[in-house]
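Data first, discussion second: the structure below is written as structure tokens.
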Amino acid sequence: MTYQEENIQLNEGIETIYGTVTLPEIYTEVPVVLIIAGSGPTNRDGNNTQGLLTDSYKMIAYELAQNGIASVRYDKRGIGESSKAMKSEKDLVFNDYIDDAVNWVQILHNDKRFSKIAILGHSEGSLIGMVAVNKVKVDAFISVAGMGYSFYDTLKRQLAAQTKDVYDECIPIMNELKKGNRVADINKNYYSLFRPSVQPYIISLFKYDPAIEIKKLTIPLLIIQGTTDLQVNVADATVLNDSNHNAVLKIINGMNHTLKDAPIEQEKNLKTYGNPKLPLSSMFKESLINFMKDTFKLYETK
1 MTYQEENIQL NEGIETIYGT VTLPEIYTEV PVVLIIAGSG PTNRDGNNTQ
51 GLLTDSYKMI AYELAQNGIA SVRYDKRGIG ESSKAMKSEK DLVFNDYIDD
101 AVNWVQILHN DKRFSKIAIL GHSEGSLIGM VAVNKVKVDA FISVAGMGYS
151 FYDTLKRQLA AQTKDVYDEC IPIMNELKKG NRVADINKNY YSLFRPSVQP
201 YIISLFKYDP AIEIKKLTIP LLIIQGTTDL QVNVADATVL NDSNHNAVLK
251 IINGMNHTLK DAPIEQEKNL KTYGNPKLPL SSMFKESLIN FMKDTFKLYE
301 TK
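Counting from 1, one number per residue, gives the positions in the sequence shown under full-length UniProt numbering.
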């Protein structure tokens, strides 16, 4: 089965966010998956300017199309072709990404080619997606390598692995941000984490707990997590699964954060981050396609 691609956009003018719609060979009233990228300057294909070159999201789109399912993936505001849509850092909040996802879903609702809508959120995109699902009608949700703990708890756990001095200096800053208070005096050693211009974003992100948000979902739900993921681990997936008993949990042995097969050894694992020729994990593809077919009663084969 072949596929075709078209440009698609959200908003107009400087606020325009650009994306790609990938369509199967036959695309009359087919399901569509909105793919939401993870954190950082990651574009619609799963790549960024900081050494990430995976094509993972593009591969997901092609795999879906080969199985009769359309998809839309997009450059988040400030990223790639959507770079001009970026607000200044001091004005950007997490809810901007949620609102964008909601607006994309509205566009898909108005497109008569699509029968059902699913959201697939990867990494931070998982939290963006699950909050969006609670704001707009969606028929299914897929969390891929999504955090199960709040960003506050995750960052606190990461800082606990640092020296006691680092931990003791950062936690009071985090506690103030969690209360919604900005912190003016930031040690330059922690400027990359807590600089004043990024604090509004952190404050807005601290408000959300994935375990609470996923508990609200009443639609078909798939949670996928790899065992060699260096950024998110199986415990996160377990927390999400335990929070919603309607969820289907798929643990993919040997899959890392790029959704590729990789060993747990860090150096070899990280090499996959710069090799777009590596295919997606076969078990990941199987889990995703089976869920879509079962949920939307699709029985076509390649």
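Note that CB positions come from ideal geometry on N, CA and C, so glycine has one too. All figures in this text were calculated on a predicted structure; none of them were measured in a lab.
Could you tell me which of the options sits nearest to residue i, measuring between CA atoms?
i      : options                           : result
Leu230 : Asn244, Ala237, Asp236 and Asn269 : Asn269
Gln4   : Thr22, Glu12 and Ile17            : Thr22
Glu15  : Arg157, Ser281 and Tyr97          : Tyr97
His257 : Tyr27, Gly148, Phe296 and Gly38   : Gly38
Glu213 : Ile289, Met147 and Leu10          : Met147
Lys47  : Gly129, Gly80 and Ser197          : Before going on, a small fix: residue 47 reads as Asn here, not Lys. The shortest C-alpha separation from Asn47 is found at Gly80.
Arg77  : Arg44, Leu278, Ile289 and Met283  : Arg44
Gly180 : Tyr208, Met130 and Tyr190         : Tyr208
Thr2   : Glu25, Ile17 and Ile8             : Glu25
Tyr149 : Ser281, Tyr27, Thr28 and Asn233   : Asn233
Phe94  : Ile60, Ser82 and Ala132           : Ala132
Tyr27  : Gly13, Lys58, Asn67 and Asn290    : Asn67
Where do the ends of the beta strand (DSSP E) carrying residue i lie?
i      : result
Lys250 : Ala247 to Ile252
Gln225 : Leu221 to Gly226
Ile117 : Phe114 to His122
Pro31  : Val30 to Ile36
Val144 : Ala140 to Val144
Going by the DSSP bridge assignment, what does residue i pair with across the sheet?
i           : result
Gln9        : Tyr18
Phe94       : In DSSP, Phe94 forms no bridge with anything.
Leu53       : Asn47
Pro24       : Tyr3
residue 361 : Look at the range of the chain in this structure, 1 to 302, and you will see that residue 361 is not part of it.
Asp185      : Per DSSP, none; premise fails for Asp185.
Met147      : Met147 pairs with nothing; no bridge assigned.
From what residue to what residue does the alpha helix (DSSP H) around residue i run?
i      : result
Lys271 : Gln266 to Lys271
Arg73  : Where Arg73 is concerned, there is no enclosing alpha helix (DSSP H), although the beta strand (DSSP E) it sits in stretches over Ala70 to Tyr74.
Asp168 : Lys164 to Lys178
Gln66  : Ser56 to Gln66
Arg157 : Phe151 to Ala160
Gln199 : Gln199 to Phe206
Glu213 : Pro210 to Lys215
Val234 : Val234 to Ser243
So, using beta-carbon positions, are residue i and residue j closer together than 8 angstroms?
i           : j      : result
Leu259      : Val183 : no
Thr227      : Gly254 : yes
Ala161      : Ile142 : no
Asn103      : Leu205 : no
Ala85       : Leu34  : no
Thr41       : Lys116 : First, the amino acid is wrong: residue 41 is Pro here, not Thr. Cβ distance not < 8 angstroms, so Pro41 and Lys116 don't count as in contact.
residue 304 : Leu240 : In this structure the chain extends from 1 to 302, so residue 304 is not present and cannot be described.
Gly19       : Tyr62  : no
Met292      : Ile36  : no
Ile8        : Val72  : yes
Ile60       : Leu278 : no
Ser82       : Ile17  : yes
Tyr167      : Leu159 : yes
At a Cβ threshold of 8 angstroms, is residue i touching chain D?
i     : result
Ile98 : Annotation note: the requested chain D is absent from the structure, which comprises a single protein chain.
Do the stretch 244-260 and the stretch 219-229 touch if we need at least three Cβ pairs shorter than 8 angstroms? yes
How do the stretch 203-220 and the stretch 106-113 stand: do at least 3 beta-carbon pairs fall below 8 angstroms, yes or no? Taking 8 angstroms as the limit for Cβ pairs, the verdict is that the stretch 106-113 does not touch the stretch 203-220.
Sufficient close CB pairs (3 or more, under 8 angstroms) joining the stretch 161-179 to the stretch 260-275: no
If contact is defined by three or more beta carbon pairs under 8 angstroms, each pair taking one atom from either stretch, is the stretch 197-206 in contact with the stretch 89-107? Contact holds: three or more Cβ-Cβ distances are below 8 angstroms.
Do the stretch 126-138 and the stretch 54-71 touch if we need at least three Cβ pairs shorter than 8 angstroms? Between the stretch 126-138 and the stretch 54-71, the count of C-beta pairs closer than 8 angstroms stays below three; the two stretches do not touch.
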